[in-house]
Structure formats: structure tokens, C-alpha cells
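Participant: The structure under discussion is supplied below as C-alpha cells; questions concerning it will follow.
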Amino acid sequence: MSEPTCLVADTICRTVELGVTITGAAIADELTWIDCRPVAHDPACPKCGRPGQLRDHVERVLTDLPVVGHPTRLRVRVPRFTCGNDGCAVTIFRQRIDRVAAPKAATTVRCARWILQRLAIDKMSVSAVAKALGLGWNTVNSVAAELTRELVFGSPVHLDGVRYLGVDEHKWKHRRGQGEPDFVTVLVDLTPVIDGTGPARLLDMVAGRSAEVLKGWLNAKDANFRSRVKVVAMDGFATAPPPPTCCRQRGR
């Protein structure tokens, strides 16, 4: 069942693309607040599929695309239902709004794409994008990194055709201290270079540098991938003996 929508506002802000309709708006300093609700009423329980009984509504705040140069927040009024199926493990659930945003996401789906486009295509800095959205640097960086992982590793053909695997190490952190390893193991598909069809292709980067890191990465892949790889080109970091100590370097 669908309810009347605000056609003009939904068209200007293109909220129709998200499956929500605008019910109100306000300005608070630099932020533009847009109130909205789902256009379609979907009470189906995510577990058993039976329609639930409307219980109440909850508010979800999401960062959306800037409106006329100002950061925007969507305030989505999400219906919450009670499942009446005694045999169902779910008792209370929210209506899914996957077209608007992923579960627990801080931004709308289209805003996440916008972030990646500005960084990758327009070469904007993370700081500039964060300022345009009214978000923190870490939030924007995390959104971009997560979407990149989804685009790369979520592709079913990401590892297809790999016959020549390149392995190297890269020091990405140059400050001492606790935390993540200073080095990452970089894995590259060299097949296009060998075949003369294109440049090398980045496959993955794994924290650490050792034979165990490479072994663990390979073991996590299926047998078909491992059997396809004919050559592994790598430096000696995994197999080289430990460097000589000061005592060994002295001639006696």
C-alpha cells in the first residue's frame, strides 16, 4: 500500500529514487534537515514473512547529498512492527529501507557513491568531501574504504583468470608505535601483463609480511583459484634467512 507523496519536493531532491517521500524540512545553521517516510508500507516479517502489526515508529538520521551547497540530513520515520507468529524467533522488527541506506550505515546509499566519485574521479581530498557533507574525516574515509571493498571483493569475477600472481611488501606506516603492522603484503594479478592485454591488477592487500600471511591468503581461496595460478613472482621476504647479527658480521 502506498500513500500520497510530495511530488515537487521529492522531484527536486530526488528522494523518489530512495523510495521515501518528504514530509517536512528545516534549516539549522549550516545543515538542511529533511523529514521523510517510506512511500510503500511493508509489514512483512524478515524471518517468517508474515505481515506484522504496526507498533510505533523510530527515527533514523542519515547524511544525504548536499542541497544547494549545504550539508543535508535525512530524518527517516521508519515503521516498527510486532510479529504475531508465535513460532517466529522475531518479535519486533523495523521496515527495511535498503534503497535508502544499508543497515547501521551513517549515509544514504547514493551519498556513499557520491563520496567515492568525488575522491576517485574529481580527486577531491577527504577533508574537502567531509566539509561538504558536514562529516568527520574518519567517517568519510571509512565510508569510501568500505564501498571500495564491496565493489572490488564483492565482484564474482574478481579472481577470475589469474594465472600469474605477483607478491610484494609495502611499508604503509612510517611512525613507530602500537597498532596495526607497518607492512602489508600486496597481491597483484600479473596475467594481463604477461598476455599483453593490459596493466597489472591489484587483487588484495593483507596486513603483515611473512610466508604465513601468503599461505593464509591462498588457503582462504577455493581450490579452483589455487589450481589456476601457475607462477608466483615474489621477492625473498618470505624465504630469506634472518639477517646476520653484529657478531656474525665481524671477521675473526
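In full-length UniProt numbering, the protein residues as written are 1 to 252.
Even for Gly, the Cβ is constructed at its ideal location relative to N, Cα and C.
1) Would you identify the three-state DSSP class for residue 111, choosing helix, strand or coil?
2) List, from N- to C-terminal side, the beta strand (DSSP E) runs of 3 residues or more that fit wholly inside the region 2-50.
3) Tell me which residues share the same chain as residue 204 and place their Cβ nearer than 6 Å to its Cβ, disregarding the 5 neighbours each side in the sequence.
4) Can you tell me whether residue 228 is helix, strand or coil according to DSSP?
5) State the DSSP-derived secondary structure class of residue 160, mapped to helix, strand or coil.
6) State the start and end residues of the unbroken alpha helix (DSSP H) segment that holds residue 195.
7) What does a CB cutoff of less than 7 Å around residue 158 pick up in its chain, not counting 5 residues either side in sequence?
8) State buried or exposed for residue 52, treating a residue as buried only when at least 16 other CB atoms are found within 10 Å of its CB.
9) Go ahead and pull the three-state DSSP assignment for residue 213.
10) Tell me, please, whether the region 213-220 touches the region 188-201 by the rule of three or more beta-carbon pairs shorter than 8 Å.
11) Count the other CB atoms, across all protein chains shown, that sit within 10 Å of the CB of residue 246; report buried if there are 16 or more and exposed otherwise.
12) One question on the structure: do residue 100 and residue 20 come within less than 8 Å of each other, judged by their Cβ atoms?
13) Which value, in whole angstroms, describes the spacing of the CA atoms of residue 1 and residue 38?
14) Identify whether residue 246 lies in helix, strand or coil by the three-state DSSP scheme.
15) Cα separation between residue 91 and residue 28?
16) Return the CA-CA distance between residue 32 and residue 139, expressed in angstroms with no decimal places.
17) Please check if any C-beta of chain D sits within less than 8 Å of the C-beta of residue 211.
18) Closest to residue 109 by C-alpha separation, out of 160, 167, 150, would be which residue?
Facilitator: Taking the geometry as given:
1) helix
2) 20-28, 31-38
3) 187
4) helix
5) coil
6) 191-195
7) 152
8) buried
9) helix
10) no
11) Bear in mind that a pLDDT of 48 at residue 246, under 50, signals an unreliable position, so the number given afterwards is only what the model happens to contain. It counts as exposed.
12) yes
13) Confidence is the limiting factor: at residue 1 the pLDDT is only 44, short of 50, which leaves the residue's position unreliable, though a coordinate-based value still follows. Those two C-alpha atoms are separated by around 11 Å.
14) Model confidence at residue 246 stands at a pLDDT of 48, short of 50, so the residue's coordinates are unreliable; what they give is reported in the following sentence. Residue 246: helix per DSSP, three-state reduction.
15) 37 Å
16) 19 Å
17) Here chain D cannot be found, since the structure has a single protein chain.
18) 150
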